[in-house]
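Taking the working numbering, I'd label the letters of the sequence shown as residues 285 to 478.
Quick reminder that beta carbons are idealized off the backbone N, C-alpha and C, glycines included.
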Amino acid sequence: MRILAIDPGYERLGIAVLEKLPKQKETLLYSSCVRTAKELPHAERLLKIADGVRKVIDEFEPEACALETLFLAVNQKTVMPVAEARGAVLVEAARAGLRVYEYSPPQIKIAVTGYGKSDKAQVIEMVKKLITIPDKQPSSDSEVGVLPLLRENKSLPPKTASAPFKKGRIRLDDEYDAIAVGLTCLASERVNNK
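In C-alpha cells, the structure reads:
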C-alpha cells in the first residue's frame with residue numbers, strides 16, 4: 285500500500301509518501317514541506333498547498349491519504365488557516381479518488397511511541413528507528429513546483445529507480461510528523477487486515 289501522509293500546516297505543510305509491500309518493511313519514498321509565503325494573499329497560499337499536494341499525488345500515485353486531525357492549540361489565530369489547508373488537502377485527495385484516513389495527535393503518538401503524550405523529539409526519534417530515513421534526499425528546495433523525481437522512468441518500480449540527490453538537506457519537524465502519520469496509517473492497515 286502506498287500512502288500520501290500529511291501533517292497539516294498553513295505556512296509549512298509536511299508531506300511524505302510511504303509504501304508497505306507484503307512481507308517487507310515500510311519504505312519512505314519522499315518527504316518534503318509545501319511552504320507558503322506570508323506575503324501571498326490567503327487564497328493563493330491555499331492554492332499553493334493544493335497544487336503541491338496534487339503534484340505529489342500525480343508523481344507517486346498513492347492509494348490513500350492519511351492526515352492529522354485538527355488539534356485545537358493555544359494559538360487560536362492559526363486554527364482557521366490550518367483547517368482551510370486541511371480542506372485543500374482533502375479536496376485534492378477526493379479529486380484523485382484516494383481513501384482518506386484521519387488520526388488525532390494522540391493516536392499518532394501512541395502508534396509511533398506507545399505514549400499518547402509524547403513530545404515532538406520523542407516522535408522524531410521513534411520515526412528514525414521505525415523507518416529508514418535516507419541520509420540523502422532527492423534534490424528539492426522544498427518549494428512547490430520543484431519536486432524531486434524518485435522515478436525518472438515511471439515504468440520502473442521505486443526500488444530500482446534512480447534520482448538526483450542533494451547532500452545535506454535537513455528534514456523539518458513537519459516532515460517527520462508527516463512520516464509519523466503515514467506510519468500510523470500503515471500500522472492501522474496491518475492490524476485491520478489480519
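Quiz item: Going by DSSP, what residues sit across from residue 291 in a beta bridge?
Solution: 298
Quiz item: Is it true that the CB of residue 467 sits closer than 8 Å to the CB of residue 414?
Solution: yes
Quiz item: Ordered along the chain, which non-local residues of its own chain (more than five positions away) have a Cβ less than 7 Å from that of residue 293?
Solution: 366, 369, 458
Quiz item: Does the region 309-318 come within contact of the region 330-344, defined as at least 3 CB pairs closer than 8 Å?
Solution: yes
Quiz item: Can you name, in chain order, every residue of its own chain whose Cβ lies under 8 Å from the Cβ of residue 352, other than the five neighbours on each side?
Solution: 290, 291, 292, 386, 387, 388, 389, 392, 461, 465
Quiz prompt | For residue 295 and residue 305, the rounded distance between their alpha carbons | solution = 33 Å
Quiz item: Measuring CB to CB, does residue 301 end up less than 8 Å from residue 340?
Solution: yes
Self-check item: Anticipated Cβ contact below 8 Å, residue 372 with residue 333, distance rounded
Solution: 5 Å
Practice problem: List the endpoints of the continuous beta strand (DSSP E) containing residue 313. | Solution: 311-319
Exercise. Quick one: using the 10 Å Cβ neighbour count with 16 as the cut-off for buried, is residue 469 buried or exposed?
Key: buried
Practice problem: Select from 403, 411, 285 the residue whose C-alpha is nearest the C-alpha of residue 308. | Solution: 285
Quiz item: With 16 other CB atoms within 10 Å as the buried threshold, where does residue 400 fall?
Solution: exposed
Quiz prompt | Assigned exposure category for residue 398 - 16 Cβ within 10 Å defines buried | solution = exposed
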